[in-house]
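Residue numbers (my numbering): 514 to 714.
The beta carbon of each residue, even a glycine, is placed where N, CA and C say it ideally should be.
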């Protein structure tokens, strides 16, 4: 469904630092929080589902060169990219957009913790683990962090009918402002872009 919505908006989907404290706040609207919790419960089934099953050698080589400034070890880069790609594709997100979000959120620091307690590369708040009945999940493990972060972003993209600025602002907890989404856009455009994305005004 999201892929169709994004397609109609002219997005080309392919098989994100400064940490904003607003990004770490849980949704203030109880209805929004309940809807997001239900979405996470449906989409994050088990750690066993975090499998990389795709053939993306060209993408991996290309992105590995771009990621080198943040992650020096070639093996670590490839493993991280496989995990980002798998989580993004499962959530129907462009992997390049997810890489831009990670750059802005944590500069690819797996152990990043915000002043509000958000954890990992995509700066996920730990309370979500309890909300969906998975208290033992470790958000400093990249696979787990990416799965949560990508599903949360997927939820907001669906809710906002594929509008990237609004969805990213909701992900960051800064709805009504383009400050965060513009940072992601700049990172995506300057470092991760491979195909066009439609950044609606």
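Going by DSSP, residue 627 is part of no alpha helix (DSSP H) at all; its letter is neither H nor E. Of the residues 550, 705 and 624, the one whose Cα lies closest to the Cα of residue 640 is 550. Check the Cα spacing between residue 637 and each of 706, 553, 700 and 543: the tightest is with 553.
Residue 632 is bridged by DSSP to 626 and 637. Shown here, residue 583 sits in coil according to DSSP, grouped into three states, outside any helix or strand.
The three-state reading of DSSP puts residue 620 in coil, since its state is none of H, G, I, E or B.
In the three-state reduction of the DSSP assignment, residue 654 falls in the coil class. Between the stretch 585-601 and the stretch 668-681 there are fewer than three inter-stretch CB-CB distances shorter than 8 Å, so the stretches are not counted as touching. At the C-beta level, residue 622 and residue 634 come within 8 Å of one another.
Here residue 646 is exposed. Its C-beta has fewer than 16 other C-beta atoms within 10 Å.
Between residue 683 and residue 661, the C-beta spacing is not below 8 Å. Look at residue 599 here: in three-state DSSP terms it is helix.
Within 10 angstroms of the beta-carbon of residue 694 lie 16 or more other beta-carbons, which makes it buried.
Contact between the stretch 574-584 and the stretch 648-668 is not established, with fewer than three Cβ pairs separated by less than 8 Å.
Looking from the CA of residue 607, the closest CA among 544, 655 and 709 belongs to 709.
When DSSP states are grouped into helix, strand and coil, residue 690 belongs to the coil group. Annotation for residue 704: no alpha helix (DSSP H) segment contains it, and DSSP assigns it neither H nor E. Here residue 697 is not near residue 663, since their CB atoms are 8 Å or more apart. In this chain, residue 647 is not harboured by any alpha helix (DSSP H), its DSSP state being neither H nor E. Annotation: residue 689 to residue 614 spans about 18 Å, alpha carbon to alpha carbon.
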